[in-house]
Structure formats: structure tokens, C-alpha cells
Amino acid sequence: MEFILFMKYISLTVLISFFSLVSLAQPTPVEQFLDGKSVVLVSAALAETAPITWKDLVEEVHPSFVEAGGDPVAYFDLEEVILSEGIKNTYASHFITRQIRNIILLIRKADGRLFCHIYPFSGNRNIISPGNNWSIKAANLEDLKEQIQSIGLNKRSENFLVIEVPEYPSIPGLENNSLGNNYIQAPPLNLDVFKLGILLTGAAGNEDFLNTFRQDIYGKDPNQVEAEQLAQKEGLEQIFNAEYPFETEFLTTAKSNQELINDKVQFILMRQEGREADLMRSMGVPLDQGKNPDKIVVKYYIRFLVRNELYIGEKWDASPDWKVALRNFLDQITPEN
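Anchor point for the sequence shown: position 197 equals 199 in this note's numbering, and the numbering is continuous, going up by one each time.
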């Protein structure tokens, strides 16, 4: 009996030691920043007090990342990366191919405040996941640069042959900001025959974590976000009950395409939110003169599961107000009463 207890004690000690070593072996975000390639994703509001573009911001900050010991090999506009799941997946695949280790988030709010986070690249389509990260905030650009430069103080960098000027490479398959998806400027047929699935999701999980760094929503109180999501769910139900004459199904759990089709759900309501110019370009719609290309808008469309066709309607109907955008779209795809 004593021998068995002794062996259990030894086994437990070995197990604890093993996990301690594994924990110690995990590099910190700063250590990984100093020993691996980084991609920088930028979300910058055009502040009225100092109207500079996101690339202007990059030109200012890039030397500080290099001086700190980092290896920022590419800069991208965050809004373009998160424009759709398909586009985000393509970026993630490219990051894997280029052996990226770090994702740096650089955020500029409309009031001029600046924020920076360094996350390990998740290695999957989420790009980053909630968890350990290095972060700073600054009231102005000079303060931000000084704090970034301090990352490498009294630390050895393993990054060599670092580029001295920032690069903005194109992503294979996204040269025209489109995945070649079959966007169709028409309403779908047979909405009266098959059900329209409407996605209802809770708080953003790992898949949507990257989206929370967009400058206009970054830093929102979680309770406010949850309240807005609940209001949106209720608003969706009210609008569809009042204005959509055909059968719908609110989807609260994940199902495969085949499971949905078996349940007579052949259409899914899709939503994209982003800068109007980016959305129009990605959907093959010419940008109208007089439109503000940087305005954040919501666009609804329908995905036909059987052929993966994306129906956006005959006319552009996006709006900063999601309720207006949804009513505009429903007016296009349903017959007049």
C-alpha cells in the first residue's frame, strides 16, 4: 500500500514538473515578437484633429517596430482583412504560408488616441484568439513610438535582415479584393418555396474576436455590446415578422449545409459590415460619385446553399443603420403587397 502511494506521489510530481516545463517553454508575446515575422493590421479613424491615413500612420510607426527588434514584414488594413469570412480565411492561409508568428494590431480612435496589441498568430482562420498579449495605449503618436521602441530594451532580438521600409503586399487571389464569389445583382428565386435561415448568434467567439479591434467598436464595454446584440436579435424578429411574407427559420445552433437543406432551408441571410467602398468593390458594384468611401455601412444579401450563389439585389441598398439596410433589402427581394 505504501509503495502504491509512493508511486502515485512520484507520478504526480513528474506530471506537475512536466506541465511546469511546458509552461516555461511557451514564449511570451514580447519574446516571440523578437524572434519571428510579424504582420501588422491597422484600423485608423480619420481624426479631424490630425487627418492622416492608415498608411501615413504606418510610415510613422514602422521604424519604431524595427528599432524595437521586430520584423514587420507586411502591413494591411484591418477593415479589408475582416470584410468577409472568405477574405479573412485567404489572409490566414497566406500568413501560414509566410510562416508568420505574430499579429500586431494598431488602432487609432477618432479622438486621436492610439492602441497597440501584439498577439501570437493563431495559425488558423481566426488569426488571433483571446488570451495573453502585449498592449499599450498612447495619447499621441510620439508617445506610441517611444513605448514601442521600449519593447526591445535590454533584450536580444533574433530578427535579422529586417526591411527598413514598410511593405503592403497583395494577397494571392485578392488582387481585386474579391474571391471571385458569385455575387449576383438580382433577387433570388423560389423564396416562397424554401425557408430563409436567419443566423442568431450570441456574444462574439474566437471567430469574431479580430473584428472587435475595428476602430469604431474597439474598447466598447462588453455589457454594451451584449445589449446591442440582444436588441439586434429582437429587431430582426420584429422586422421579419412584419415585412417578410415567406417562411423563415431562426438558426441558434450550428448546422451543416446538408442539414439545413434537409430542413428545407436553402437560403441564408448574410450580413457584411465595413467601409462602403470596400464592400462595393468586393461585390463588383461601381462606387457612385458623391458617396463617402470611408463610411461604415451594413449590407445584407442572401446565400443560396445549393450553388453557393450570393444575391445582393438589383440596386445598392447598404446603410449605416442595420435596420434600414435590412428593410431596404427585403423591399427588393419580396413582392409588393
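Even for Gly, the Cβ is constructed at its ideal location relative to N, Cα and C. Since we're looking at a predicted model, the values are computed, not measured.
Flag this pair as yes or no: are the beta carbons of residue i and residue j separated by less than 9 Å?
i: E82; j: G276; result: yes
i: I130; j: L212; result: yes
i: E311; j: N156; result: no
i: Y170; j: Y303; result: no
i: P174; j: H96; result: yes
i: Y220; j: K111; result: yes
i: L253; j: L201; result: yes
i: K39; j: I102; result: yes
i: L85; j: L43; result: no
i: I263; j: V308; result: yes
i: N134; j: P31; result: yes
i: K197; j: E251; result: yes
i: L36; j: I153; result: yes
i: E61; j: P132; result: no
i: A327; j: E278; result: no
i: L146; j: F215; result: no
Since residue i contacts residue j with CB under 8 Å, what's their CB separation in whole angstroms?
i: G199; j: V267; result: 4 Å
i: D218; j: I298; result: 6 Å
i: L176; j: A140; result: So it is not a contact: roughly 31 Å between Cβ atoms.
i: F67; j: P190; result: Not quite, the Cβ-Cβ distance comes to about 47 Å (not below 8 Å), so this is no contact.
i: I105; j: Y121; result: 5 Å
i: A46; j: L59; result: 5 Å
i: F187; j: I314; result: Note that residue 187 corresponds to Gln in the displayed sequence, not to Phe. Confirmed, Cβ separation roughly 6 Å.
i: I241; j: K317; result: Wrong, their Cβ atoms sit about 19 Å apart, outside the cutoff.
i: R329; j: E245; result: 7 Å
Starting from residue i and walking both ways along the alpha helix (DSSP H), at which residues does that stretch end?
i: F242; result: 224-245
i: E249; result: Here E249 belongs to no alpha helix (DSSP H), and DSSP marks it neither H nor E.
i: P65; result: 56-69
i: I335; result: 324-335
i: Y263; result: Checking the displayed sequence, the identity of residue 263 turns out to be Ile instead of Tyr. Where I263 is concerned, the enclosing alpha helix (DSSP H) stretches over 259-264.
i: V32; result: 31-35
i: V195; result: It is not in any alpha helix (DSSP H) - V195 carries neither H nor E in the DSSP assignment.
i: L80; result: 80-83
What are the boundary residues of the beta strand (DSSP E) that includes residue i?
i: N104; result: 102-110
i: R277; result: 267-277
i: L43; result: 39-46
i: R305; result: 298-306
i: E311; result: 311-313
Distance check for residue j and residue i, CA to CA, integer angstroms please.
i: G72; j: R127; result: 23 Å
i: L23; j: P29; result: Confidence at L23 is low in this model, with a pLDDT of 40, below 50, so its placement is unreliable and no value can be given for it.
i: D290; j: Q34; result: 45 Å
i: I165; j: I335; result: 51 Å
i: P295; j: P288; result: 11 Å
i: F331; j: P74; result: 41 Å
i: D333; j: F123; result: 42 Å
i: H119; j: D265; result: 43 Å
i: D280; j: E239; result: 29 Å
i: S159; j: D113; result: 34 Å
i: A205; j: A229; result: Only weak support exists for where A205 lies, its pLDDT of 39 falling under 50; the value from the coordinates is given anyway. Their Cα atoms are separated by approximately 10 Å.
i: R273; j: M282; result: 13 Å
i: V195; j: N243; result: 18 Å
i: N179; j: G286; result: Confidence at N179 is low in this model, with a pLDDT of 48, below 50, so its placement is unreliable and no value can be given for it.
i: P337; j: Q234; result: 25 Å
i: V41; j: K57; result: 14 Å
i: N225; j: F162; result: 44 Å
i: S258; j: R100; result: 31 Å
i: W136; j: L232; result: 31 Å
i: L26; j: S172; result: Reliability of the predicted coordinates at L26 is poor, the pLDDT of 47 falling under 50, and the value obtained from them is presented with this limitation in mind. The straight-line gap from Cα to Cα measures roughly 37 Å.
i: S284; j: G125; result: 25 Å
i: D323; j: E236; result: 15 Å
i: E148; j: L271; result: 46 Å
i: E249; j: D223; result: 36 Å
i: Q260; j: T55; result: 44 Å
Is the shortest distance between the beta-carbon of residue i and the beta-carbons of chain D less than 9 Å?
i: V287; result: Absent from the structure is chain D; it holds one protein chain and no more.
Is residue i near the ligand SAM - that is, is its Cβ less than 8 Å away from at least one heavy atom of it?
i: A233; result: For the structure depicted, the ligand SAM is absent and the ligand set is empty, with no information on it obtainable.
Practice prompt. Taking only runs that begin and end inside the region 94-168, name each unbroken beta strand (DSSP E) of 3 or more residues, in chain order.
Written response: As summarised for the region 94-168, the continuous beta strand (DSSP E) elements at least 3 residues long and confined to that stretch are 102-110, 116-122, 136-140, given in chain order.
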